Structure formats: C-alpha cells, structure tokens
Amino acid sequence: MYQEIHSKKLSEIDNDFERGVFLASYNSLKQRRNRFFAGSLLSIKHGVRGILFSWPLYLLPLASLALPDQFKILFVVLLLPGIYVSSIILKRGVKEDYQNLINERLIKLKHLRHLCL
Amino acid sequence: MFEQRPKEQAYAYIADVDHPTINKYGKNIETVPDDSELRGKSLNINNDSMIGDNPNRYKQHGFYFSADKCIACHACEAACSEKNDLPSHIAFRSVGYVEGGSYPSYTRLNISMACNHCDDPVCLKGCPTRAYTKFAEYGAVLQDPDICFGCGYCTWVCPYNAPQLDHQQGHVEKCNMCVDRLEVGLKPACVSACLAGALDFGIVETTPENRTQLETQIPGFPNPEITHPNIRFQQTSSLPKEMKRTDTIPIRYERDENDQFKSKVDKKSHQKKWSFKKLSTRENPLIIFTLISQLVIGVFLILYLSPKFGLSIFSANANPVLWTLFLFSLIGTQTFALVLSTMHLGKPHRFYRAFNNLRYSPVSREVAGIAVFYNFLGIYTVLTGLPSLFRWMPEIITSILISVTGWGAAFSGVIALYFMHSIYRIPARPYWNHWYVLTSFYGNMITLGSVLVASVYVIYQATQGQPFNQILSILSLFAAFGVMLEIFGLYWHVQYLKTHNGESAASHHEQTTTYGKSYLLRNLGLGISVILLLAVSLYGLHESFGVFVWLVISSIAFLTAILSRSIFYALVIPTTMPGAFFWKNPGFEEHARETRLAERTEAGVLTNIH
C-alpha cells in the first residue's frame, strides 16, 4: 500500500556523502512543505476515522436542546473526557504513521494520496 | 539471505529425507499443490526479495523434542533470545519442568517449548487484526507485530503459551521458526544450540537420527486435538505414576490405564481466603466494559420494548425529559466503556483494526456487534430524543427511521452480547469454555438493565410525589429473572468444573479455597438479590423508606455483578505448558513485583503489566 512512498530513510544511509545529499534535499523548503501537507493529511485521516467510529459521542451537546439546565452539566462531564481520550488515541495514530511514513524520508507530493488509504 | 557462518557444522543443517504424504492428523505434509501460485515466491524477509534454495520449502516442518535428553540448560532459550534480540521479559521458547517420585527415585522431566506452528492455529483464527499468517513455506505460523494492536487474545487461545504479549512494546511477538535460517537449509537457532541433542527440527513425521518415537503427547503437554500442533516427542524413560508442576499452578499429571498422563487438580491448600487483591487483574477494564455494555443494552431493551408490551410509562411521550436523559446517558456510558476497552489495548490508536477478521475472530464480531448497536443507538436517540430537529422530514420517513434504528439497536445489542460470550469459549481455558458465560452475560443484561431503569424511575416518581410501586414490581421481577438465569448457569458450571479436566477442577479448587470467601460472598449476594427482588415484586415498596430500601437492593445487585465478573477473570487457569521454579511461574512473578525484584530487568518480570 505504502510501497510508493517507501523511499530510503535517513537512518538507513551509511555513506556520509549520501547522507549529506539527502539532508540538503530533506531540509529544503519544498520537502518541509511536503512534510507539513503529509502531516496535515494524516491528522485529517485519523480525525475523520475517529469521528466515524465515535460520532454518537459528539451528539451529547445536543441533549442540552431538550433537557432542563440541571442535566446539561452531566453531558459536559461525559463529553469532555471522551474528547480528551479520543484526541490522545488519534494523536498516537498520527504520530506512529508520521514516524513510519514521513519522518526521515523524502516525500513527493504526488505520493501523498497513498497516505489516505 | 541469512549469512551462514564459515565452517557451519553438519548437525546445523536440516536433513533432506523421505517423508509420508499425510501427518498424524490426516493433513497433507505438502502444504500446497505443485501448481499453486503460492510456490516460487520470496518470503521478503527484511525486504530481501531472494528466494531460498531449501529443497523442502513447501512442506510442513516442525520441532522434535526428546525428553530423555533434555538437561534444562536453557541454551535453546538463550539462542532464541539472541537471534531475535528479545528483552529479558520475553521468551519465544522456554524450558519448564514437571517432577515426580521421591528420593532416591526422583525424576524430573524437562520440556522445551516454543510455537508449534499448528495445523489449525487458533491464534490465527482468534486474532482480530489478521496479524497472523500460516505460510505455505515450511508451514510456519508467523505474526506481524506491526499489524498487531496488543489485545492479547492470541495469548488466551493458544494452549502452549507461544504468543508473547510484550506489555512494554504494546504488541504480541512469537517464534518465527527462524524462517530466514530455513531458507538456507539451517535448523532454527534453538535447535542448533541444543547441547544434549534434545531438540531437533525437520519435515514433520520424519524420525530424526537417534530417535525411535514420534509421539504427539508428553506429560504436561495440553491436548493436541485443540490445534494439531507440529511437534513430536520422544519419552522412553520410565516415569512415576504422578508428576507435579513446579510453578504455582495447582495442576499435577497422573497416568491413566492407557498409560497417558492426564491433568488433575493438585489440592495444595484447603483454606478459604478472600484474595480481594488478586481479584484485580490486567483485565479490570474488561470487567467494566462487559458489565457496562450489558447494562446499556439491558436498559435500551427495557425502554424500547416495554411500551410495545403495554408499559407506556417508559415511553418517550410519557416522560420526554427522562427518556432523553436516559438515551443520551446510554450513549455517554457506552462511549466510556468503549474508550476503556480501547485503552486496554497495547496500541489503542490501531483500534480500527479490530474489524479485520470478521470471518473467524469472535473479538472482531463482538466489536462489530457493539459498534452497530452504538450507531443505531446514536441515530435512535437523536430521532426520538430531539424530535423538534426532524420536523422538516415527512412523518412517515421519521417513523420508519425510528422503527428501523430501534429494532436495529435491540437486535444488534442482543447479538453483540452473544459474540461477547463466544470470545470466552476457548478450549485452552476450560473454566470459561461453558455455556454459563452466555447465561451470565444475558442474566446481567436483564438484571442490571432492570435495576438501573427501576432506580431512576423510583427516584424520579418519588421526587414528583407519584407512586412507583407498579414500575418496581414489574422491573424487580425482570431483575430477579436475570439473577435466576445467572444462578442456573453457575450451578451447571460448577457441575461441569467438578467433572472435567484438570484445569477446570483446578479453577474450581481455587474458587473454593484461594477465593473461597469472595466466592461465598458472591453466591450470598446472588441469593439475597433474588430473594429481595422477588419480595419487592410481590409486596412492593412505599414512600421514601421504600426508595432507600430499593437503592440498597440495587447496590447489592451491582456489587455482586462486579464481584462475579472479577472472579470470572481472575480464576481462569489456562492449559499452558508447565513453567519452572522462577521462569514462567505466576507465583514468582507476583513475588518479584511485591518484593521489587522485578525492578531488576534480569529478573525477567515487568514491574507493571499494564
């Protein structure tokens, strides 16, 4: 699935000259921009996935439309920890994918679509 | 390709010998037909696309172990750990022993065991993420830690303790048969390192040099019929009639009239204890997850089905505020349970992989069942709890949607609990492998659901100055039925435990000794609950004192359910291989944690397993 973006990783390069050439390209504006796009894409992907699996959680604020004031706090109590834990889980997912697929790699913009799979 | 050492010894190479067509379980030793597309492909070990030159690539291989020769030097463990770069708390291969007789005719039987790369690998079927593959090459059952999310279900279902859950890394790893060595014709590292020639390796059902036996059983080895393991034993030296384990699992092995060793309970102690501390296990989140899921489904079924059977007091029209409050609370509570079960995983962020093996894994099916229920519940809640949001929709459409999602949630909830029960029907865990799990889960669903709905309605009606006796008499009858269902299952479960194999009887022995007082308290709780609930149903409760009494009864029912589920997780004794005095001994691990010995990495015990 990720074959096309599996370029050589910096840590896999032993040769100093090759490392130098790699780093020059890796630190370029274009590569930094590509990494930013890739990171954003991963965040969106994991965020959408998270919402898809736990969307009923985000319905809780709607309860305030039908309930008296004293119950509203109950749903805030249930909602906030839920969102907090979800964000932790999703952040770990983004971090793992970033480490495996983006970090220390030269990224081509046309290959970013593979991150969505 | 694996780099061979210069001047590699002849004994390190796998013998190329003739073999029968089928193995002892009637399965072809040739793993795939000659014209299979699986042939001629690279195993891509470490992205190496070369194909090995082993002439017996598509034949089931296996380990040969001679108990006559093993001296328990642990060289096999060391070689495996070095080859696979394992931390001290993980071992793909481990040596355990059983002993018997008395001085001077004392006998110790050492057993070196790793994955048996079974014909019917239960780990592969059980894994919800499909991290396991049985490869046509050598018949190796390989696991990919990069796919695994660390639920540990494979460690539950495997009778040989082969998959190792690394709590530090958050994933499972296991013996890979050293397929990289096999590709160049070398035996696995453990076999090559064996000093005494006790371990050997080759195509299954081929008798290695200096061996006469190809047995599928040895004392201490679980029933091979569960998974059809690819290991063959030799054990010719005479053994005493009874062999005991040296770890703290209360199992011994007794020779029957057919000269086969069968596991029996080893009654070390008869003292009844509370052992409350031991009731808290790594599975605590699962206690909460299973109970909450059963509670939520129970509450939903009562709220949804009761009005259809004429109990209009529970309908949305009768009390819109309470109805909405209930449904949104159910969403919040079920989310909490789902989050807990997710955080219980070694790698929670890979949660979505739980759906990967719907075809075989009961874990995947359970997760899918709960997810379907959760989604239907969400839609149903919005449609019925907030009808003002859907006034723009034609009434007929709204009504159809409400009906579909309501029935959908009701059915999927009940089905999800069936799948939840099937997770525990594991032959390698006889304490769980009984239908009482189903009666217990459904019983809890009815009891907890009824008790919670009754509690909320009783408090609400009392604060409004309304009578609550009618609600209470119906719901307490439901709750009593749930408890009786659980008691019925538990009674037959105990009969089963007493009459079945050693691990079942050992669990029952533990239940009545180590956890004896907790077990009695649970039984007392169930008995008291059913009597009180029936009394409430018959005679009713009134006014504020009645509310107080009801809340006491509810608390007894809830606490009993928590205690019962804790016992359920703490008591299971798997049919694992015997451990040693220290290594793979649950008693030593507990001691090492208590004495802080576990802080020293060389002890091989993690300080915190979650």
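Quick mapping for you: the protein sequence lines, in order, are chains U and W.
Here the first sequence stands for residues 165 to 281, numbered as in the working numbering.
Here the second sequence stands for residues 911 to 1520, numbered as in the working numbering.
Glycine residues also receive a C-beta, built at the ideal position from the N, C-alpha and C atoms.
Keep in mind that this is a model prediction, so the values were computed, not measured.
Residue contact with chain U for residue 1292 of chain W: present (Cβ-Cβ distance below 8 Å to some residue of chain U). Excluding five sequence positions before and after residue 1398 of chain W, the CB atoms of its chain that fall closer than 7 Å to its own CB belong to 1349, given in chain order.
Counting only residues of its own chain and dropping the five nearest sequence neighbours on each side, residue 280 of chain U has a CB closer than 8 Å to the CB of 205 and 209.
Between residue 1486 of chain W and chain U, the shortest Cβ-Cβ separation is not below 8 Å. Along the segment 1130-1176 of chain W, the alpha helix (DSSP H) does not occur as any fully enclosed run of 4 or more residues. Put simply, of W:1415, W:1353, W:1410 and W:1405 the residue whose alpha carbon is nearest the alpha carbon of residue 1391 of chain W is W:1353. With distances taken between CA atoms, residue 1010 of chain W lies nearest to W:1148 out of W:1375, W:1067 and W:1148. In the DSSP assignment, residue 1427 of chain W falls within the alpha helix (DSSP H) that extends over 1426-1449. Assignment of residue 1076 of chain W by DSSP, reduced to helix, strand and coil, places it in the strand class.
The Cβ-Cβ distance between residue 1450 of chain W and residue 1383 of chain W falls below 8 Å. Residue 1038 of chain W is positioned such that its CB atom lies no closer than 8 Å to that of residue 1229 of chain W. The beta carbon of residue 207 of chain U sits no closer than 8 Å to any beta carbon of chain W.
In the DSSP assignment, residue 1120 of chain W forms no beta bridge with any residue. Boundaries of the alpha helix (DSSP H) harbouring residue 1406 of chain W: 1379-1409, taken from the DSSP string. When the five nearest sequence neighbours on each side are left out, the beta carbons in the same chain lying within less than 6 Å of the beta carbon of residue 1485 of chain W are those of 1069, 1132, 1338 and 1413, in order along the chain. Put simply, the backbone Cα of residue 959 of chain W is about 20 Å away from that of residue 177 of chain U.
At a cut-off of 8 Å between beta carbons, residue 212 of chain U makes no contact with chain W.
Around residue 1173 of chain W, the same chain offers 1161, 1163, 1411, 1412 and 1413 as residues with beta carbons nearer than 7 Å, after the five sequence neighbours per side are excluded. Beta-bridge pairing by DSSP links residue 1330 of chain W to no other residue. W:1109 is the residue among W:1385, W:1388, W:1109 and W:1246 whose C-alpha sits nearest the C-alpha of residue 983 of chain W.
What residue 251 of chain U touches in chain W, judged by beta-carbon distance under 8 Å, is nothing: the nearest beta carbon there is about 11 Å away. In the three-state scheme derived from DSSP, where H, G and I count as helix and E and B as strand, residue 1114 of chain W is classed as coil.
Chain U has no Cβ within less than 8 Å of the Cβ of residue 1209 of chain W.
Contact between the segment 183-198 of chain U and the segment 1257-1265 of chain W is absent, with fewer than three C-beta pairs closer than 8 Å.
Contact check for residue 1201 of chain W against residue 1024 of chain W fails: the beta carbons are separated by 8 Å or more.
In the displayed model, residue 1044 of chain W falls within a strand according to three-state DSSP. Secondary structure of residue 1018 of chain W (DSSP, three-state): strand. Across the segment 256-274 of chain U, CB contacts with chain W closer than 7 Å involve 256, 257 and 260, in sequence order along the chain.
Residue range 233-261 is occupied by the alpha helix (DSSP H) that includes residue 249 of chain U.
Ranked by Cα distance from residue 1167 of chain W, the first of W:1159, W:1152 and W:1156 is W:1152. Counting C-beta atoms within 10 angstroms of its own C-beta, residue 1303 of chain W has fewer than 16 neighbours from the protein chains shown and is therefore classed as exposed. Closest option to residue 1340 of chain W, judged by alpha-carbon separation, among W:1359, W:1403 and W:1301: W:1403. Straight-line spacing of the CA atoms in residue 216 of chain U and residue 1244 of chain W works out to 16 Å. Secondary structure of residue 1051 of chain W (DSSP, three-state): strand. For residue 1241 of chain W, the closest Cβ of chain U is nearer than 8 Å. Sequence-distant partners of residue 1036 of chain W (beyond 5 residues in either direction) whose C-beta falls short of 6 Å from its own C-beta, in its chain, are 1063, 1064, 1067 and 1271.
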